[in-house]
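Notes follow once the structure below has been shown.
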Amino acid sequence: MDILITGLLLGGTYALIAVGLNLQYGMVRIMNLANGELIVIGGFAAFWFQTAASVSPLLTVFLVAPVAFALNWLIYTVMLRPLVKRAKSRGQLEVDAILTTFGLSFVAVGVMLAVFGGDYFSYSYLARPVELLGATFGLNRIMAFLGAVVICGALYLWLNHSRPGLSIRAIAVAPQSARLVGIDVQKLSALAFALGGAVTAVGGGLISMFLTLDASTGVMFTLKALIIVIMGGVGDMRGTIVAALALGVLESFVASVLDPGLTLAAAYLLFLLVLLFRPQGLFGRGQA
Amino acid sequence: MKRDAWQDLALGAVLLAVAACLPWFGGSYWLSIGVTIAMYTVLATSWALFSGPTHYISLATAAFFGIGTYTTGLGIDHLPYWVLLPIAGVLGAVLAGLVGLATLRLSGVYFVIFTLGLAELVRQIITWVQNFSGQKGLYVLTDITEADIYWQLLGLAGLVFLGGWAIGRSRLGFALRIIGDDETVARHSGINTARAKVILFMVPGAVAAIAGAILAPRYVYIEPLLAFTPMLSFQVVIMALLGGTGRLWGPLVGVIPFTFLWEAISASFPNQTTLLLGLCFLLIVYLLPKGFVGLIESVRRWARNREGYA
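Chains as they are written, first to last, in our numbering: chain C, 123 to 410; chain Y, 53 to 362.
Here it is in structure tokens:
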């Protein structure tokens with residue numbers, strides 16, 4: 123039972139970072155492999171404010187979000203839009219985007235190594251035990267989970283019940299036709315990309331409350347977020363959340379029953395099953 | 053046309069023979085640089101054989117390489133060394149085949165993601181198994197010298213070039229070029245695209261595993277973190293793309309300058325190698341989309357046109 127709850131709590135934060143990636147990949151069709159580094163940057167910010175000025179990470183995220191939004195908006199308009207314009211096909215854009223965002227992720231890791239060094243960093247915040255359904259959990263995990271629920275919920279409502287949300291979903295379905303009905307594809311793509319980045323960085327700030335990070339852990343988060351997005355279905359928010367919770371539960375199950383060193387292997391097993399049986403994602407409609 | 057082909061082959065053989073003389077003339081420093089260059093030439097050229105025509109970016113090199121290293125590490129006490137190299141090749145090809153079967157039916161993104169974590173996956177499993185058996189690493193103690201390793205790698209490089217040359221002329225190579233241009237067209241003209249891609253992906257898998265098996269004696273002590281270093285996959289991608297995948301000799305043009313640059317950076321700023329890698333990725337995308345090969349060819353075309361108008 124406590125494995126299940128631990129897993130759900132972990133899955134909630136995974137959902138946040140995967141939703142951020144899905145906004146970028148599912149809606150704007152940019153596979154952002156620097157996603158994990160954004161998480162680490164968000165975590166670094168939370169760490170720094172907590173240790174230097176003892177500002178609560180839950181407040182820091184309100185600062186992290188607009189900064190990450192601006193940064194991602196700049197990355198999209200300056201670096202990625204020329205690639206979108208130059209690409210002759212979706213495949214070519216994918217290759218270019220993969221190489222560019224890999225480049226960005228390595229640059230980010232290099233800069234963080236230079237500034238912070240290669241040490242692990244963690245801080246203690248709200249590390250109080252809380253009784254829940256007969257088992258004890260860290261309060262920080264629960265707060266992170268609640269934060270994730272609030273943000274995912276708000277994002278879901280925004281995407282499904284607002285005009286810009288509707289337009290963004292239209293772009294995700296058919297970028298060419300969206301232009302014909304008067305949607306400003308360029309502006310909204312940049313907006314969705316930046317929003318995805320902001321959500322991811324906030325996820326990083328929340329994760330840093332209970333996980334130890336270092337400058338080069340980003341790629342593991344990228345990998346997990348990618349697996350979740352594909353499992354849930356590209357562009358499908360609901361599927362992403364379900365997949366993230368499933369991955370969280372599976373990971374904590376493997377970590378407590380088999381070996382904590384095998385969590386990635388577990389994620390891969392899930393990924394392989396999805397690739398073999400439901401490559402269009404959990405709720406995706408058939409269209410290989 | 054036929055004469056050109058023979059000329060290319062002869063030129064390649066001569067260059068290989070010249071390269072093989074290095075252990076007698078260069079000192080130990082140059083020999084170790086030579087081993088590094090030969091290793092990356094093998095890895096980058098075989099990588100480009102698959103990823104060049106298909107545009108599928110494989111990040112699995114480190115996984116295959118590590119499998120090869122472990123083949124030598126585990127087998128050296130039980131089997132003669134020469135048997136281990138083909139075994140490593142078969143293991144690498146089988147793993148590549150399995151990965152290919154799972155992912156190459158789908159779009160390129162799935163393949164990239166799967167290969168991105170493959171080395172880490174294999175590493176976690178090996179570490180887990182080793183925790184059970186209680187051993188942490190493996191010793192590979194042989195009387196194989198650095199020069200032996202260098203010659204073996206050169207031989208492998210020769211085979212890779214020969215293989216790439218043969219594939220380029222075969223039906224398979226032709227099929228892959230069509231797939232790279234337009235997969236739908238390829239499928240409509242009766243090419244079994246998934247099968248062609250899986251078969252070709254087994255080539256870099258086998259080659260990287262053999263290279264790992266050859267290099268294992270150089271490391272002496274093998275442990276999972278060393279054998280499956282994820283950096284290797286990225287270095288290979290960078291070198292191949294920097295050189296250009298449009299020509300068989302393209303990756304070689306990237307390997308040589310990048311090796312020297314990498315050595316220089318890691319000697320003076322060991323923490324900045326990741327930054328260098330990142331900047332190279334951006335350089336390739338924005339300035340050198342076809343690599344040095346593309347640059348050389350456009351300069352040549354420009355020179356020819358100028359002559360024509362003068």
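Note that the Cβ used here is the ideal one computed from N, Cα and C, for glycine as well.
Exercise for review: Look at the alpha carbon of C/Phe169 and the alpha carbon of C/Leu335, and state the distance between them as a whole number of angstroms.
Suggested key: Position 47 of the first sequence, counted from the first residue, corresponds to residue 169 of chain C. Position 213 of the first sequence, counted from the first residue, corresponds to residue 335 of chain C. Using only the alpha carbons, I get a separation of about 10 Å.
Exercise for review: Using a Cβ-Cβ cut-off of 8 Å, state whether C/Leu369 counts as contacting chain Y.
Suggested key: Position 247 of the first sequence, counted from the start, is the residue given in the question as residue 369 of chain C. Between C/Leu369 and chain Y, the shortest Cβ-Cβ separation is not below 8 Å.
Point to revise | For Y/Ile266, the residue or residues it bridges with in DSSP | key: Taking the second sequence and counting its residues from 1, one reaches residue 266 of chain Y at position 214. The partner list for Y/Ile266 (beta bridge, DSSP) is empty, contrary to what the question assumes.
Check your understanding: To the nearest angstrom, how far is it from the Cα of Y/Asp200 to the Cα of Y/Leu153?
Key -> As a first step, residue 200 of chain Y is located in the second sequence; it is residue number 148 there, counting from the start. As a first step, residue 153 of chain Y is located in the second sequence; it is residue number 101 there, counting from the start. Answer to the nearest angstrom: the Cα atoms are 36 Å apart.
Review point. Hey, C/Ala387 and Y/Leu173 are a contact pair by Cβ (cut 8 Å); roughly how many whole angstroms apart?
Key: Walking along the first sequence from the start, residue 387 of chain C turns up at place 265. Walking along the second sequence from the start, residue 173 of chain Y turns up at place 121. Indeed they touch by this definition, with Cβ atoms about 6 Å apart.
Practice item. Report yes if the CB atom of Y/Pro269 is closer than 8 Å to the CB atom of Y/Thr194, and no otherwise. Key: As a first step, residue 269 of chain Y is located in the second sequence; it is residue number 217 there, counting from the start. As a first step, residue 194 of chain Y is located in the second sequence; it is residue number 142 there, counting from the start. The answer is yes: Cβ separation under 8 Å.
Exercise for review: Report the rounded CA-to-CA distance for C/Phe243 versus C/Ala175, giving the unit in angstroms.
Suggested key: In the first sequence, the residue the question calls residue 243 of chain C occupies position 121. In the first sequence, the residue the question calls residue 175 of chain C occupies position 53. Their backbone Cα atoms lie some 16 Å apart in a straight line.
**Study point:** Interface flag, Y/Ala154 vs chain C, CB-CB below 8 Å
**Key:** Along the second sequence, one-based indexing puts residue 154 of chain Y at 102. Yes, because at least one Cβ of chain C sits closer than 8 Å to the Cβ of Y/Ala154.
Point to revise | Extent of the continuous alpha helix (DSSP H) to which C/Lys309 belongs | key: By one-based count along the first sequence, residue 309 of chain C stands at place 187. Element bounds for C/Lys309: 307–329.
Exercise for review: Using DSSP bridges, identify the partner residues of Y/Tyr273.
Suggested key: Position 221 of the second sequence, counted from the start, is the residue given in the question as residue 273 of chain Y. In the DSSP output, where bridge partners are listed per residue, Y/Tyr273 has Y/Tyr191.
**Study point:** Classification of C/Lys207 by the beta-carbon crowding that lies within 10 angstroms, buried from 16 upward
**Key:** Reading the first sequence from its first residue, position 85 is the one you call residue 207 of chain C. The residue is exposed, with fewer than 16 neighbouring Cβ atoms inside 10 Å.
Exercise for review: Return the first residue and the last residue of the alpha helix (DSSP H) that Y/Asp233 is part of.
Suggested key: As a first step, residue 233 of chain Y is located in the second sequence; it is residue number 181 there, counting from the start. Counting along the chain, the alpha helix (DSSP H) containing Y/Asp233 begins and ends at 223–233.
Practice item. Give the straight-line distance between the Cα atoms of Y/Pro341 and C/Ala365, rounded to the nearest whole angstrom. Key: Your numbering for residue 341 of chain Y matches position 289 in the second sequence. Your numbering for residue 365 of chain C matches position 243 in the first sequence. As the crow flies, the alpha-carbon of Y/Pro341 is around 36 Å from that of C/Ala365.
Review point. Given 8 Å as the limit, is there contact between the segment 265–279 of chain Y and the segment 231–245 of chain Y, that is, 3 or more CB pairs closer than that?
Key: no
Exercise for review: Quick one: list the residues of chain Y neighbouring C/Ile220, beta-carbon separation under 7 Å, in chain order.
Suggested key: Here residue 220 of chain C refers to the residue found at position 98 when the first sequence is read from its first residue. Under the 7 Å cutoff, chain Y gives Ile109, Val164.
Check your understanding: Quick one: does C/Val229 have its CB under 8 Å from some CB of chain Y?
Key -> Looking up residue 229 of chain C in the first sequence gives position 107. For C/Val229, the answer is yes, since a Cβ of chain Y falls inside 8 Å of its Cβ.
Review point. Under a three-way DSSP split, which group does C/Leu335 fall into?
Key: Looking up residue 335 of chain C in the first sequence gives position 213. Three-state DSSP puts C/Leu335 in a strand.
Check your understanding: For Y/Asn323, which residues in chain C fall below 7 Å Cβ to Cβ?
Key -> Numbered from its first residue, the second sequence carries residue 323 of chain Y at position 271. Near Y/Asn323 (Cβ distances below 7 Å), the residues of chain C are Leu235, Ala236.
Point to revise | Buried or exposed by the 16-neighbour rule on C-beta atoms within 10 Å, applied to C/Val303 | key: If you number the first sequence from 1, residue 303 of chain C lands on position 181. Counting Cβ neighbours within 10 Å, C/Val303 comes out exposed, since fewer than 16 surround it.
Review point. Who pairs with C/Phe243 in a beta bridge, going by DSSP?
Key: The count along the first sequence starts at 1 and reaches residue 243 of chain C at position 121. C/Leu335.
Review point. In chain order, what residues of the same chain have a beta carbon less than 6 Å from the beta carbon of C/Met234, not counting five sequence neighbours either side?
Key: Position 112 of the first sequence holds residue 234 of chain C. Same-chain partners within the cutoff: Ala337.
Exercise for review: Return no unless some Cβ of chain C is closer than 8 Å to the Cβ of Y/Phe333.
Suggested key: Position 281 of the second sequence, counted from the first residue, corresponds to residue 333 of chain Y. By this cut-off, Y/Phe333 is an interface position.
**Study point:** Inter-residue Cα distance where the pair is C/Gly275 and C/Leu328
**Key:** The residue labelled residue 275 of chain C in the question sits at position 153 within the first sequence. The residue labelled residue 328 of chain C in the question sits at position 206 within the first sequence. Their backbone Cα atoms lie some 16 Å apart in a straight line.
Practice item. Please determine if the segment 133–141 of chain Y and the segment 326–338 of chain Y are in contact, where contact requires at least 3 C-beta pairs separated by less than 8 Å. Key: no
Check your understanding: Under 8 Å between the Cβ atoms of Y/Pro303 and Y/Arg175?
Key -> Locating residue 303 of chain Y in the second sequence gives position 251, where the first residue counts as 1. Locating residue 175 of chain Y in the second sequence gives position 123, where the first residue counts as 1. Against a cut-off of 8 Å, the Cβ pair of Y/Arg175 and Y/Pro303 comes out as no contact.
**Study point:** Beta carbon of Y/Thr123 nearer than 8 Å to that of Y/Ala140
**Key:** Here residue 123 of chain Y is taken as the residue at index 71 of the second sequence, counted from 1. Here residue 140 of chain Y is taken as the residue at index 88 of the second sequence, counted from 1. Yes, they are a contact pair.
Practice item. For Y/Gln59, decide whether its Cβ has a neighbour in chain C, counting only Cβ atoms nearer than 8 Å. Key: For the purposes of this step, residue 59 of chain Y is taken as the residue at position 7 of the second sequence. No, because no Cβ of chain C sits closer than 8 Å to the Cβ of Y/Gln59.
Check your understanding: Going by other Cβ atoms of all chains shown within 10 Å of its Cβ, with 16 needed for buried, is Y/Phe213 buried or exposed?
Key -> Walking along the second sequence from the start, residue 213 of chain Y turns up at place 161. It counts as buried.
Check your understanding: Quick one: is C/Met149 buried, meaning 16 or more other Cβ sit within 10 Å of its Cβ, or exposed?
Key -> Stepping through the first sequence from its first residue, residue 149 of chain C is reached at position 27. The residue in question, C/Met149, is buried, as its Cβ has 16 or more Cβ neighbours within 10 Å.
Point to revise | Under 7 Å from the C-beta of Y/Val181: neighbouring residues of chain C | key: Along the second sequence, one-based indexing puts residue 181 of chain Y at 129. Ordered by position in chain C, no residue passes the 7 Å Cβ test against Y/Val181, which lies about 10 Å from the chain.
Review point. Would you say the segment 248–258 of chain Y touches the segment 98–117 of chain Y, given that touching needs at least three Cβ pairs under 8 Å?
Key: yes
Point to revise | Which of helix, strand or coil DSSP assigns to C/Val206 | key: Taking the first residue of the first sequence as position 1, residue 206 of chain C is located at position 84. Residue state, collapsed to three classes: helix.
Point to revise | Beta-carbon spacing of C/Gly340, C/Ile161 below 8 Å | key: Within the first sequence, numbered from 1, the residue matching residue 340 of chain C stands at position 218. Within the first sequence, numbered from 1, the residue matching residue 161 of chain C stands at position 39. Taking 8 Å as the Cβ cut-off, C/Gly340 and C/Ile161 qualify as a contacting pair.
Check your understanding: Buried or exposed: where does C/Lys121 fall if 16 or more other Cβ atoms within 10 Å of its Cβ makes it buried?
Key -> The structure shown does not extend to residue 121 of chain C, since chain C is modelled only from 123 through 410, so no value can be given for it.
Exercise for review: Report back the beta-carbon spacing between C/Tyr147 and Y/Gly169 to the nearest angstrom; my notes put them in contact at under 8 Å.
Suggested key: In the first sequence, counting from the first residue as 1, residue 147 of chain C sits at position 25. In the second sequence, counting from the first residue as 1, residue 169 of chain Y sits at position 117. Contact doesn't hold; Cβ gap of about 17 Å is too wide.
Check your understanding: Closer than 8 Å, CB to CB, is Y/Glu275 near chain C or not?
Key -> For the purposes of this step, residue 275 of chain Y is identified with residue 223 of the second sequence, where counting begins at 1. Chain C, which has no Cβ nearer than 8 Å to the Cβ of Y/Glu275, makes this no.
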